[in-house]
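J.: Dropping the structure in here first, questions after.
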Amino acid sequence: MALTAAVSVPFAVTPLRRLSSSTTTRAFSFRVSAAAMAAAAKTAVQPAVVVGGGRVGQALLSMGPPGADVLVGRGEKVPEDAPGPILVCTRNDDLDAVLDATPRSRWRDLVFFQNGMLDPWFESKGLVDANQVLAYFAVSKLGEPPVDGITDTNPEGLTAAFGNWAPAVATRLQNGGLTCKVLEKEAFQKQMLEKLIWISAFMLVGARHPGATVGAVEKEYRSEVASLIAELASAAAEERGLTFDAGIEERLCAYSRAVAHFPTAFKWRNGWFYSLTEKALAQGKPDPCPFHTAWLKEIKVI
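According to my numbering, the residues represented by the sequence shown are 148 to 449, in order.
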């Protein structure tokens with residue numbers, strides 16, 4: 148199942164211990180020490196399993212109760228009796244392996260931090276109501292503090308979580324100094340599509356102008372990115388039968404100003420918007436995303 152490309156968001160992290168595969172595969176009692184329990188009570192952060200030892204996973208661990216979380220690395224099994232949610236911070240193309248490594252009894256506890264349009268994959272796996280997080284924060288270099296998605300249009304922040312573990316995730320992020328709101332499914336779906344539009348528009352325009360940062364795209368190539376945002380929003384609204392709240396261009400451009408130093412990094416994996424183009428053309432209909440298609444051809448990815 149092709150998934151839309153994710154854009155990796157680096158975090159400021161501190162070194163953390165990794166669990167060996169031999170440790171995670173043998174029987175665990177997962178008794179949390181008195182000190183860890185006290186820390187969890189103090190911070191009110193739910194202990195969790197974190198899948199993925201990269202920048203995102205380590206950042207989430209640093210926001211949790213000390214010593215109470217379990218880190219699962221590549222090729223390791225997700226323990227059945229570890230407490231709390233399972234925070235999945237891998238690349239999109241590792242998700243099948245993560246699911247295979249997770250006991251089916253724990254699938255309802257999976258929380259996906261991936262960017263992109265994952266709905267087709269969720270549907271194929273019977274995870275239509277999966278927990279998800281839209282992470283609107285970024286760090287350009289290791290060691291720098293995270294830049295939250297707080298903008299002049301959304302001072303309450305843009306990061307959002309959906310699902311039964313959403314309140315626990317929001318508490319963890321807030322413990323790390325970040326904002327996070329808990330949304331119902333329809334509101335989350337609209338915001339998820341807005342994030343997908345942001346990634347697709349800013350990264351593609353950036354690819355047309357090599358070396359351009361997110362801020363440069365917003366400032367110097369605003370007309371290009373505005374045209375692409377409008378086009379993709381129209382296509383998404385038609386496909387999903389929804390109406391975006393007014394001001395989508397300004398919301399996405401305001402976020403880009405908040406992370407202006409962040410580089411653009413286009414990664415192509417036959418994304419969702421091009422699938423709308425292919426669907427329309429196969430039915431003899433006009434391309435709903437002509438700018439998108441033309442610029443993909445320009446940078447020679449189709």
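We put the CB at the ideal spot given by N, CA and C, even for glycine.
Do V258 and N278 have their CB atoms nearer than 8 Å?
T.: Counting from one through the sequence shown, the residue named residue 258 turns up at place 111. Counting from one through the sequence shown, the residue named residue 278 turns up at place 131. Going by C-beta atoms, V258 is nearer than 8 Å to N278.
J.: Over the uninterrupted alpha helix (DSSP H) stretch that includes Q193, give me the two end residues.
T.: Numbered from its first residue, the sequence shown carries residue 193 at position 46. Segment: none, Q193 is in no alpha helix (DSSP H) and carries neither H nor E.
J.: Could you tell me if P437 is buried or exposed, where buried requires 16 or more neighbouring beta carbons within 10 angstroms of its beta carbon?
T.: The count along the sequence shown starts at 1 and reaches residue 437 at position 290. Flag for P437 reads exposed.
J.: Could you check whether V225 and A248 sit closer than 8 Å to each other, using their CB atoms as the reference points?
T.: By 1-based counting over the sequence shown, the position of residue 248 is 101. By 1-based counting over the sequence shown, the position of residue 225 is 78. Cβ distance < 8 Å, so A248 and V225 count as in contact.
J.: Would you report the Cα separation of L379 and F335, rounded to the nearest angstrom?
T.: Your numbering for residue 379 matches position 232 in the sequence shown. Your numbering for residue 335 matches position 188 in the sequence shown. Looking at the two C-alpha atoms, the distance is approximately 18 Å.
J.: Using the C-alpha atoms, what's the distance from G418 back to E385?
T.: Residue mapping note: residue 385 aligns to position 238 of the sequence shown, counting from 1. Residue mapping note: residue 418 aligns to position 271 of the sequence shown, counting from 1. Using only the alpha carbons, I get a separation of about 17 Å.
J.: DSSP three-state label for F335, please.
T.: As a first step, residue 335 is located in the sequence shown; it is residue number 188 there, counting from the start. Reduced to three states, the DSSP call for F335 is helix.
J.: Suppose the cutoff is 7 Å on Cβ atoms and the five residues either side in sequence are ignored; what does the same chain contact list for R355 look like?
T.: As a first step, residue 355 must be located in the sequence shown, where it is residue number 208. For R355, where only same-chain residues beyond five positions count, the Cβ hits under 7 Å are W442, E445 and I446.
J.: Buried or exposed, going by whether 16 or more other CB atoms sit within 10 Å of the CB of A393?
T.: On the sequence shown, residue 393 is found 246 positions in, with the first residue counted as 1. Counting Cβ neighbours within 10 Å, A393 comes out exposed, since fewer than 16 surround it.
J.: Tell me, please, whether the stretch 314 to 324 touches the stretch 359 to 369 by the rule of three or more beta-carbon pairs shorter than 8 Å.
T.: Contact fails: fewer than three Cβ-Cβ distances are below 8 Å.
J.: Would you kindly work out how many angstroms separate the C-alpha atoms of S180 and Q193, rounded to a whole number?
T.: The residue you call residue 180 lines up with position 33 of the sequence shown. The residue you call residue 193 lines up with position 46 of the sequence shown. Residue placement at S180 is flagged as unreliable, the pLDDT there being 45, under the threshold of 50; the coordinate-derived value follows with that caveat. S180 and Q193: Cα-Cα distance of roughly 14 Å.
J.: If we call anything under 8 Å between Cβ atoms a contact, is M339 one with L281?
T.: Working through the sequence shown from its first residue, we reach residue 339 at position 192. Working through the sequence shown from its first residue, we reach residue 281 at position 134. Yes, the pair counts as a contact, with Cβ atoms nearer than the cut-off.
J.: For the alpha helix (DSSP H) holding A308, just list the boundary residues, first then last.
T.: Walking along the sequence shown from the start, residue 308 turns up at place 161. Element bounds for A308: not the alpha helix (DSSP H) but the beta strand (DSSP E), A307 to F309.
J.: Below 8 Å on the Cβ atoms is my guess for N262 versus K342; work out the distance and round it to an integer in Å.
T.: One-based indexing of the sequence shown puts residue 262 at position 115. One-based indexing of the sequence shown puts residue 342 at position 195. Going by Cβ atoms, the distance from N262 to K342 rounds to 7 Å, so yes, they are a contact pair.
J.: According to DSSP, Q279 sits in a beta bridge with which residue or residues?
T.: Locating residue 279 in the sequence shown gives position 132, counting from the first residue. DSSP, once it has assigned bridges, lists F259 and F309 as partnering Q279.
J.: Decide yes or no for the touch test of the stretch 297 to 304 against the stretch 399 to 410: beta carbon pairs closer than 8 Å, at least 3 of them.
T.: Contact between the stretch 297 to 304 and the stretch 399 to 410 is present: three or more C-beta pairs spanning the two stretches fall below 8 Å.
J.: What do you get for P433, buried or exposed, if any count of 16 or more other CB atoms within 10 angstroms of its CB means buried?
T.: Translated into positions along the sequence shown, residue 433 becomes position 286. In the assembly as shown, P433 is an exposed residue. Its beta-carbon has fewer than 16 other beta-carbons within 10 Å.
J.: How big is the Cα-Cα spacing for A382 and P267?
T.: The sequence position of residue 382 within the sequence shown is 235, counting from 1. The sequence position of residue 267 within the sequence shown is 120, counting from 1. About 17 Å.
J.: Thinking C-alpha only, which one of F420, P212 and V197 is nearest S347?
T.: In the sequence shown, residue 347 corresponds to position 200, counting from 1. Of F420, P212 and V197, the residue nearest in Cα terms is F420.
J.: Where P395 and G310 are concerned, what is the direct C-alpha to C-alpha distance, given to the nearest angstrom?
T.: As a working mapping, residue 395 is identified with position 248 in the sequence shown. As a working mapping, residue 310 is identified with position 163 in the sequence shown. Here residue 395 turns out to be Ile, not Pro, going by the sequence shown. Cα to Cα, I395 sits roughly 24 Å from G310.
J.: Counting along the chain, where does the alpha helix (DSSP H) carrying L330 start and finish?
T.: On the sequence shown, position 183 is the one that residue 330 refers to. No alpha helix (DSSP H) holds L330; DSSP gives it neither H nor E.
J.: Can you tell me where the alpha helix (DSSP H) with I395 in it begins and where it stops?
T.: Numbered from its first residue, the sequence shown carries residue 395 at position 248. Unbroken alpha helix (DSSP H) run through I395: I395 to A405.
J.: Output the distance between the C-alpha atoms of D228 and V219, rounded to the nearest integer angstrom.
T.: The residue labelled residue 228 in the question sits at position 81 within the sequence shown. The residue labelled residue 219 in the question sits at position 72 within the sequence shown. Whole-angstrom Cα-Cα distance: 13 Å.
J.: With DSSP as the reference, please indicate the residues paired to F284 in a beta bridge.
T.: Here residue 284 corresponds to residue number 137 of the sequence shown, with the count starting at 1. Beta-bridge annotation (DSSP): F284 is paired with D295.
J.: So what does DSSP say about I446, is it helix, strand or coil?
T.: Indexing the sequence shown from 1 puts residue 446 at position 299. Under the three-state reduction of DSSP output, I446 falls in the coil class, being neither helix nor strand.
J.: Could you spell out where the beta strand (DSSP E) holding V217 opens and where it closes?
T.: Indexing the sequence shown from 1 puts residue 217 at position 70. Looking at the DSSP string, the run of the beta strand (DSSP E) that includes V217 is V217 to V219.
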